[in-house]
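Student: Sharing a structure below in C-alpha cells format, with a few things to ask.
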Ligand code: ANZ
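Residue numbers (UniProt numbering): 19 to 865.
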C-alpha cells in the first residue's frame, strides 16, 4: 500500500468532492468574511490547453488559500461562448454554431472537473445562453436611454476576411486584424457605438487607485491607450468661409511659428474646403484621397513615411498676427483625432518640418532652444563645452538646414509679447489671450475612440433596436427581451459584409411597437466584449431571470478581490469592463467604480522558447500530460516553474519530478503511526520548530504570489520530516504527525488529490480544502534556539528554549512566567534576579 497511484487517488476523490460540493459559496447563513477570486473565463475553442491549465492552477492557489484562512470564497467559472471562431467552424463543417460551442463547453467542463479547480459549480454561466445575453440587451438599452449608445456614420476598420468591422482595440500594431490576421481596411458604415470617450478622464484617473495591485505594465498600456493630451483649441478664420476651423495643439506657445495649415484628406472639412475649388484642384484632391484610403492608419502615423499632400487653394488667418496660412490636405493628419486639422509649425514639429521641406513651405523658429531655461538643458556643442567658451547667445540651429525640428525647451522669440518667456508661461499666456479674444481655449484630446460594437455576424447578441419605416429607432420594450437569435436553418452564415440575420425574414420583420406599422429589427450583433464587460456580476446569481444581478449581492461580493488572467487582455477586456462598471455605478446599480481590485497576469506556456501551435508542430496536449503524470503533478509543475508572471517553457520543467516529489510527500502520511488526538507538545522540538516556521512563512509567500517558493518550502519540510521518521524521533512522534498535517494542508493549494488522500490517511474526513490553516506558536518561532537555565535559590527549576539573541529583559520575563519557577517561588519574595542572557537566570528569594 506504499505505491503512489495518482489515477486511483483521482478516481477515489473526484466523486467524493462532487458529492460534498465543498466550494459552494452561496449560503446566505454563511458568516465567514468574503473573497471573490475570479479567473478570466475561457472561450470554448476546443479542449482545455496548457495555457488554461496554468491559469486555473494559479488562480486556484489563491482561492484555496483564502478558504484556509477562513474566508467564504466565491470562485466561479463560465464560458465566453459567443464569437467568430464558432461561426467560422460552423460554416466549415455545415453545422450550427450552437452545436460546436456547447460540445466544446461540455468537453472543457469535463476536463476542468478532473483538473480539480475549486470552482463553485452551482454558478456556471454561458454568454451564448438567451438567459445571459438578455441582460446584454438590457444593458444596451440602459445605455441607449442615457445617450451612451448611439449610431454614427463613419469610417470603420473593416476585416476583409471575416467581413466584419473591428474595434480599434482589435487592430494590431501592424495594421492587421487580431482575429483573422488580414490587413484591415477602412470602410464607411453606419454603426452602433458606446460612448467610452465620455469616461476617458475617469478611466485614466482611476488607474491611480490600482497602482501596486495591478501590474504596472497593464496600467501603462491602459494610460497610453486612453492617451490624454493637454493643450488648446485654436480657431482660425478661413477666407471665403463663414465658420472658423478649429485645430487642437499641444503647443499653443508656438502659434506665431505656424506657417501653414493641414487638414485630413478623408475629413468632411477637406471635402467641404475643396468643393468650391477649381476643377484641377478638385481632381488632384480626389486622386490623392483615393491613394490615402488605400493605406492603413498605422502607415499614416509612421513618422519616416515620405510626406504627401495637395494644396487646397484656400487660406486660413492666424488669430494672433493676421498672417495668411495656405491650407493643405495631407495624410499625416488623421480625420478622427482632435479636429482633423492642425496648425503646422515646421520649426518645432518634425512631421510639419518634413512636410514643409517636401513642399517648400516657410519655416519660422519661435523657440530659442539654446537659451537656458530652468530645468532645461541648453544645447551646446562639445567644443564649446571643452573650451569653456559658452556664448550667451547661441544662434538656434536652423531646422531648414539640419532637417531636425527643435522640439525641446527654450525661450520664446519672434512671438511678440511672448518673447523671452519659457514654454510653460507662454502656453499659459497665449491661452489667456485666446480666451479673452474668443479665438481659442484650453482643451484636452484623447487617443481613445468610442467603442464600435456592431458586428455583421450571426453568433452574438442581437442589438435590441427596431428600425421604423421612417428611419426612427425604437428600443425593444424591456418586457420583450430577450430578442432571441433565430435558428440557423435557411440562413447563409458565409461572411458577406451584411449580417446574416437580415435574411431571416420571419425574425427581422416585426411590427413597430409604437404603431404596428411594418418595421425591421437591427440585423447586427454586439461585439462579444460586451458580454465579458460585466460577467463578473452575473456570477453573483447566474440563474436570476428577473434582473442582470442583484445590487445587494454585488455589495456583498464585488468588486472582485483577485482577478487572474493573461496579459493579452491588458487593454481590450479590462478597459471595457472598467468602463461598464463606471456606467453601472452612474446608473446606481453598484457602489464601486473599479471591477477588479487586484490583477495577476500569468505568463504563457511555451515549448522550446516559442508559443505552442499546431502549425509549428510543438503542441503539448494537456490531456496527454494529465494521463501521463496526473493532475497534481501538472498543477504543481505550473506553480513550481517560476514566478507566476514569467513564461514557462515546458521543455525546461519536469512533471515527472513533480510526480516523484508528490509520491514522497504522500508516503510521509502513510508512515505516520500516531493518532490525531496525540499531544503536540510531546513532539520533537527541532521538527516542531521547522513546522511552525513553515506555518508562519507560507501565508505571506502566497499573498506575494511566490508560489514557486512555497513549493520549495514544502519540499524542504518533506525532507526534514522524512529524516525525522527514518533516523530521528521516529514515525510515532507527535512532531511527525504535526508536520505531515502541515504538508497536506499546504499541498492542498497545488495538489488537491494528493493532499486529500494524505488527509484521509492521517485520520480526517474530507475535504482538506476546508481545513483551517494552523496558527504557528510564537514560542516555537525562535530562529536557532539555545537552552537557558533558570535557577531558583541555586536549584535548576526550568529550562527554556530561547533565541540566542534574546534580551536580558525578555529572558527574565520568560523565567518569571515559567510555571515551575512560580511553583518553586511559592509565596516567598523575590529579592534578586541575575540575568546572563541567553544562558542563565538566577532568582534569589526570601521567605
Ligand atoms: C502645433 C504643434 C507645434 C504641435 C509643435 C506639436 C508640436 P499628441 O501629443 O499626440 O496629442 N495634431 C493635432 N491633431 C492632429 C491630427 N488629427 N492628426 C495628426 N496630428 C495632429 O499630438 C498633438 C499634436 O499633434 C498637436 O500639436 C498637433 O500638432 C498634432 F511644435 O500643434 B501640434
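Just so you know, even glycine gets a beta-carbon here, dropped at the ideal spot from N, CA and C.
Owing to the predicted nature of the structure, the values given are computational and were not obtained by experimental measurement.
What do you get for residue 854, buried or exposed, if any count of 16 or more other CB atoms within 10 angstroms of its CB means buried?
Tutor: Answer is exposed; the Cβ neighbour count stays below 16.
Student: Short of 6 angstroms in beta carbon distance, which residues of its chain neighbour residue 96, apart from the five on each side in sequence? Order them along the chain.
Tutor: 59, 142, 143
Student: What residues in its chain sit with their C-beta under 6 angstroms from that of residue 325, if we drop five residues either side in the sequence?
Tutor: 372, 373, 376
Student: Does the segment 216–236 come close enough to the segment 248–256 that 3 or more CB-CB pairs lie under 8 angstroms?
Tutor: no
Student: Let me know if residue 850 comes out buried or exposed under the rule of 16 or more other beta-carbons within 10 Å of its beta-carbon.
Tutor: An exposed status is given to residue 850, since fewer than 16 other beta-carbon atoms sit within 10 Å of its beta-carbon.
Student: For the beta strand (DSSP E) that residue 847 lies in, which residues bound it at each end?
Tutor: 847–854
Student: Check whether the Cβ atoms of residue 344 and residue 310 lie closer than 7 angstroms to each other.
Tutor: no
Student: Given 8 angstroms as the limit, is there contact between the segment 113–122 and the segment 161–175, that is, 3 or more CB pairs closer than that?
Tutor: no
Student: Taking DSSP as the reference, what is the three-state secondary structure of residue 259?
Tutor: The three-state reading of DSSP puts residue 259 in coil, since its state is none of H, G, I, E or B.
Student: Can you grab the Cα-Cα spacing for the pair residue 349 / residue 767, in whole Å?
Tutor: 56 angstroms
Student: Quick one: grab the DSSP three-state call for residue 470.
Tutor: For residue 470, the secondary structure class from DSSP, reduced to helix, strand or coil, is strand.
Student: Going by C-alpha distance, which of 614, 163, 341 is nearest residue 605?
Tutor: Residue 163 is the option with its Cα nearest to residue 605.
Student: To the nearest angstrom, report how far apart residue 211 and residue 183 are at their CA atoms.
Tutor: 12 angstroms
Student: I'd like to know whether the C-beta atoms of residue 448 and residue 273 end up nearer to each other than 7 angstroms.
Tutor: yes
Student: Check whether the Cβ atoms of residue 612 and residue 224 lie closer than 7 angstroms to each other.
Tutor: yes
Student: Let me check you understand the geometry: is the CB of residue 280 closer than 6 angstroms to at least one non-hydrogen atom of the ligand ANZ?
Tutor: Judged by the Cβ position, residue 280 fails to qualify as a neighbour of the ligand ANZ at the 6 angstroms threshold, every heavy atom of the ligand being at least this far.
Student: Do residue 367 and the ligand ANZ come close, with the Cβ less than 6 angstroms from some heavy atom?
Tutor: Yes, the ligand ANZ has a heavy atom inside 6 angstroms of this Cβ.
Student: Which runs of the alpha helix (DSSP H) at least 4 residues long sit entirely within the segment 53–93? Give them in chain order.
Tutor: Entirely contained in the segment 53–93, the alpha helix (DSSP H) runs reaching 4 residues are, in chain order, 68–86.
Student: Which same chain residues, not among the five before or five after residue 651, have their C-beta less than 8 angstroms away from its C-beta?
Tutor: 24, 673, 674, 676, 677, 680, 769
Student: Given 8 angstroms as the limit, is there contact between the segment 610–629 and the segment 67–78, that is, 3 or more CB pairs closer than that?
Tutor: yes
Student: Say the cut is 6 angstroms; is the CB of residue 361 nearer than that to a heavy atom of the ligand ANZ?
Tutor: yes
Student: Out of 30, 105, 633, state which residue places its alpha-carbon closest to the alpha-carbon of residue 132.
Tutor: 30
Student: Under 7 angstroms Cβ to Cβ from residue 567, same chain only, skipping five residues before and after it: list those, please.
Tutor: 555, 556, 558, 559
Student: Between residue 684 and residue 151, is the Cβ-Cβ spacing less than 7 angstroms?
Tutor: no
Student: For residue 394, which three-state DSSP category applies?
Tutor: With a pLDDT of 42 at residue 394, under the threshold of 50, the predicted position of this residue should be treated as unreliable, and no value is reported.
Student: Could you work out which residue in 787, 266, 764, 535 is closest to residue 460 when comparing CA atoms only?
Tutor: 266
Student: Mind checking if residue 301 is an interface residue toward chain C, Cβ cutoff 7 angstroms exclusive?
Tutor: Within the model displayed, chain C is absent; a lone protein chain is all it includes.
Student: Consult DSSP for residue 196 and reduce its assignment to one of helix, strand or coil.
Tutor: coil
Student: Is any heavy atom of the ligand ANZ found at a distance shorter than 6 angstroms from the C-beta of residue 464?
Tutor: no
Student: From what residue to what residue does the alpha helix (DSSP H) around residue 418 run?
Tutor: 417–420
Student: Among all the DSSP beta bridges, which residues are the ones paired with residue 247?
Tutor: In the DSSP assignment, the residues bridged to residue 247 are 463.
Student: What would DSSP say about residue 272, mapped onto helix, strand or coil?
Tutor: Helix.
Student: Our contact map puts residue 856 next to residue 822 with C-beta atoms below 8 angstroms; I'd like the distance itself, whole angstroms only.
Tutor: That belief holds up - the Cβ atoms of residue 856 and residue 822 are roughly 5 angstroms apart, short of 8 angstroms.
Student: Taking the alpha carbon of residue 458 as the reference point, which residue from 793, 719, 262 has its own alpha carbon closest?
Tutor: Answer by Cα proximity: 262.
Student: DSSP three-state call for residue 536: helix, strand or coil?
Tutor: strand
Student: Under the criterion of a Cβ to heavy atom distance below 6 angstroms, does residue 254 qualify as lining the ligand ANZ?
Tutor: Not so, every heavy atom of the ligand ANZ lies at least 6 angstroms from the Cβ.
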